[in-house]
Amino acid sequence: MPETVITVQGSYDAFHPAERATVTVAVGFEGPDQAPVVARTTQGTAALVAGIVDRHDPERGPVTWWASDRIRVWSQRPFNDKGDQRPLVHHALTSTRAKFRDFEELARWVERAATYPGVRVDGIEWALTEATQAAAVGDVRARAVEEARTKAAAYAAALGLTELRCVALADPGMLGDQVHGGGGAGPVAYARAGGGEAAGGLVLTPEDIAVSATVDARFLAS
């Protein structure tokens, strides 16, 4: 009996609570004279970094890693609403990132840092540890393959076919026939977060991180 080709796509999503949060904070000033602008930015950054260093411990935290970029200095002549060019304005800016494992301490630190002159909190990125991420990726990949096989078996059964064997397995779009659309290649992880003011101060509430995988699979059924 001729074999029937069955091509399917399998996917799986898993959700895990965030384990790390990387906050990005900018310190910057502007003014008519470059020297005081640079000095204020340098001093503000030093104070910010000192607070991070006091909390830094790669193993226990609350800060497990941090980095600060070199100061950026530039000048420009802005225009007013009439199109006239105004006097030169000097700018200085630094960007510092810190990874926290203690989210309550992160909330307290962000709340304090945001009150300093020239400080701007640019965002917080939530993530899993490398070990958790690797384990989660392996799990969703296996479950995506299982889902593809289950789907193919259901199609085969609907045709009255009982024997099924896989002849190809690939990331989305790599089987060459372009039968599926919209799938991303390989596993992905993403998260969003909310924040609000509570009676005791700022509260950060990260959503669970989704780890997803999608595969294309081709089976022969008979």
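Using UniProt numbering, the letters of the sequence shown correspond one by one to residues 1 to 222. We treat Cβ as the ideally placed atom computed from N, Cα and C, and that holds for glycine.
T132 - DSSP class collapsed to helix/strand/coil: What you label residue 132 is simply residue 132 of the sequence shown in a count that begins at 1. Correct three-state label for T132: helix.
Start and end residues, alpha helix (DSSP H) containing T24: By 1-based counting over the sequence shown, the position of residue 24 is 24. That residue, T24, is in no alpha helix (DSSP H); its beta strand (DSSP E) goes 20-31.
Buried versus exposed, by CB contacts within 10 Å (16 or more), W109: Taking the sequence shown and counting its residues from 1, one reaches residue 109 at position 109. Classification of W109: buried, given that the 10 Å Cβ count is 16 or more.
Same chain only: Cβ atoms within 8 Å of E147, ignoring 5 sequence neighbours per side: What you label residue 147 is simply residue 147 of the sequence shown in a count that begins at 1. So the qualifying residues of the chain are G10, S11, Y12.
Beta-carbon contacts of S95 that lie in its chain and below 6 Å, excluding the five residues immediately before and after: The residue given as residue 95 occupies position 95 in the sequence shown. Cβ neighbours of S95 beyond the five flanking positions: A26, D69.
Between the CA atoms of F100 and T24 - distance to the nearest angstrom: On the sequence shown, residue 24 is found 24 positions in, with the first residue counted as 1. On the sequence shown, residue 100 is found 100 positions in, with the first residue counted as 1. In a straight line, the C-alpha of T24 is about 11 Å away from that of F100.
Inter-stretch contact at 8 Å, needing at least 3 Cβ pairs: the region 37-56 / the region 111-127: yes
T22 and R97 closer than 8 Å at C-beta: The residue labelled residue 22 in the question sits at position 22 within the sequence shown. The residue labelled residue 97 in the question sits at position 97 within the sequence shown. In this structure, R97 lies closer than 8 Å to T22 by Cβ.
Which residues DSSP lists as bridging S222, in chain order: Here residue 222 is taken as the residue at index 222 of the sequence shown, counted from 1. S222 is not bridged to any residue.
Inter-stretch contact at 8 Å, needing at least 3 Cβ pairs: the region 29-46 / the region 152-167: no
Residues bridged to A168 (per DSSP): Working through the sequence shown from its first residue, we reach residue 168 at position 168. Paired residue(s): R218.
Helix, strand or coil at L161 according to DSSP, with G and I counted as helix: Taking the first residue of the sequence shown as position 1, residue 161 is located at position 161. Coil.
Of the listed residues A156, D208, G160, A127, nearest to F219 (C-alpha basis): For this step, residue 219 is matched to residue 219 along the sequence shown. It is A156 whose Cα lies nearest to the Cα of F219.
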